[in-house]
């Protein structure tokens, strides 16, 4: 009798445990291998404690791979992921296709009105948010103050490309493993083409004219690519054609870069003494423009969390998204990692927080760059598109990557600037014609 009772009790206990386990919902989050996302994964135990009924499975990928996989999955309605990390390029395009779940109710304490208007605008369609920003960025110049002083130079309030070339030459000491400038070279529409499109905007150029004709045969693109290749071949690190954001971040943190023009989000990592050898020797300035120009090529990018319409776990996914982008998460990062390391560029309140402004010397420049980004008029020329560092049409993802491969090949010495520009003009013309432009 005792054995039978014990057996029944054991069976009941097993059933209770099994039932509890089966009640747990597992969501799969696809994200990029950037520092802020890695930090989010480290802090997931906080989410687990608050929501023990939801288990988070992470898929962390390099930027180009992430884009390829989530695009394939959502277009095919594969349902492989429940939360996607995507950019403000994809959000409006995918929302129009009804591929994303609207995020118009994330809880009373979410404070949607606190999101920076410039950022929220790019994630909104017909008055509804279809993704929420995890962090947002523009572009700026980050530089070694000690190397600039050693070179006998002073950073202008609004540097131009001529000054950049002068400073890069004087900062370079290849014998010591120090290079005057680090820039993106890895092929990809969101890698080297994010930088080069912005640089071309600062040179007065454009991707297309009003008839959607590609502009790679125009002087502005030639000036852009010639300047870029000269800077990188003379003053850049070896193997630059393989370097993207993360590679250049590591180079700067280890003291190998005099200047780096890239995402404002990098500022907290290069000025953190726990992660950067040059943390106390970093200065910030606006991204360069051409001599006499006023367009600094400021891009506006946000890495956002979105929920694909193909998921069967939308409520659990929404709970996670609300946690990761909430004011409470900002407070959590501040407590665990230091307030200077909270995800930047998403909430107005952050830039009114005196503790943050004191801890993050880069904060005013970041906000200024974000507010200066004009995604509605990225070029000084009249153009039929919006975007900034990308062209906001569905075809750009493939075209931008193909052009990026041409420019990366030129940086690697496998093609001349003229060959890269000619090939880019031809392939872009072909694909735009095939897609039926002008529309």
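Residue numbers (mature numbering (1 follows the signal peptide of the UniProt record, and there is no 0)): -23 to -1, 1 to 416.
Quick reminder that beta carbons are idealized off the backbone N, C-alpha and C, glycines included.
Just how far apart, CA to CA, sit residue i and residue j?
| i | j | result |
| --- | --- | --- |
| residue 409 | residue 372 | 8 Å |
| residue 130 | residue 123 | 10 Å |
| residue 234 | residue 155 | 6 Å |
| residue 226 | residue 232 | 10 Å |
| residue 318 | residue 72 | 31 Å |
| residue 141 | residue 132 | 9 Å |
| residue 350 | residue 274 | 8 Å |
| residue 81 | residue 106 | 6 Å |
| residue 145 | residue 259 | 15 Å |
| residue 109 | residue 150 | 43 Å |
| residue 279 | residue 307 | 16 Å |
| residue 381 | residue 38 | 20 Å |
| residue 177 | residue 25 | 45 Å |
| residue 284 | residue 299 | 11 Å |
| residue 356 | residue 196 | 15 Å |
| residue -3 | residue 249 | Summary for residue -3: the model assigns pLDDT 44, below 50, so the residue's position carries little reliability; its value from the coordinates is reported in the next sentence. So the two alpha carbons sit approximately 41 Å from each other. |
| residue 93 | residue 257 | 29 Å |
| residue 59 | residue 5 | 5 Å |
| residue 342 | residue 11 | 21 Å |
| residue 117 | residue 272 | 13 Å |
| residue 282 | residue 152 | 44 Å |
| residue 414 | residue 70 | 17 Å |
| residue 338 | residue 65 | 26 Å |
| residue 397 | residue 391 | 10 Å |
| residue 361 | residue 215 | 38 Å |
| residue 218 | residue 159 | 11 Å |
| residue 68 | residue 100 | 6 Å |
| residue 294 | residue 321 | 23 Å |
| residue 383 | residue 194 | 14 Å |
| residue 83 | residue 204 | 46 Å |
| residue 180 | residue 49 | 35 Å |
| residue 171 | residue -1 | 44 Å |
| residue 270 | residue 224 | 30 Å |
| residue 114 | residue 329 | 17 Å |
Give the DSSP bridge partners of residue i, in chain order.
| i | result |
| --- | --- |
| residue 417 | Limits of the chain in this structure are -23 at one end and 416 at the other, which puts residue 417 out of reach. |
| residue 117 | 239, 263 |
| residue 297 | DSSP lists no partner for residue 297. |
| residue 77 | 285 |
| residue 110 | 281 |
| residue 35 | 6 |
| residue 324 | 92 |
| residue 185 | 191 |
Helix, strand or coil for residue i? Go by DSSP, reduced to three states.
| i | result |
| --- | --- |
| residue 370 | coil |
| residue 332 | helix |
| residue 151 | helix |
| residue 341 | helix |
| residue 174 | helix |
| residue 352 | coil |
| residue 231 | coil |
| residue 105 | strand |
| residue -3 | Caution applies to residue -3, whose pLDDT of 44 falls short of 50 and renders its modelled position unreliable; the value that the coordinates give is listed next. Looking at residue -3 - three-state DSSP - the assignment turns out to be helix. |
| residue 419 | Residue 419 lies beyond the range of the chain shown here (-23 to 416); nothing can be said about it. |
| residue 358 | coil |
| residue 382 | helix |
| residue 179 | helix |
| residue 69 | helix |
| residue 310 | helix |
| residue 27 | helix |
| residue 223 | helix |
| residue 132 | coil |
| residue 100 | coil |
| residue 218 | helix |
| residue 377 | helix |
Counting along the chain, where does the beta strand (DSSP E) carrying residue i start and finish?
| i | result |
| --- | --- |
| residue 64 | 60 to 64 |
| residue 157 | 156 to 159 |
The alpha helix (DSSP H) with residue i in it runs from where to where?
| i | result |
| --- | --- |
| residue 418 | Here the chain has residues from -23 to 416 only, and residue 418 is not among them. |
| residue 193 | No alpha helix (DSSP H) contains residue 193, which DSSP labels as neither H nor E. |
| residue 83 | Here residue 83 belongs to no alpha helix (DSSP H), and DSSP marks it neither H nor E. |
| residue 405 | 394 to 411 |
| residue 20 | Element bounds for residue 20: n/a, residue is neither H nor E. |
| residue 127 | 122 to 127 |
| residue 363 | Counting along the chain, residue 363 falls outside any alpha helix (DSSP H), and DSSP gives it neither H nor E. |
| residue 43 | 40 to 52 |
| residue 245 | 244 to 247 |
With respect to 7 Å, is the separation between the Cβ of residue i and the closest non-hydrogen atom of the ligand NAD below this value?
| i | result |
| --- | --- |
| residue 195 | Although the ligand NAD was asked about, the structure shown includes no ligands whatsoever. |
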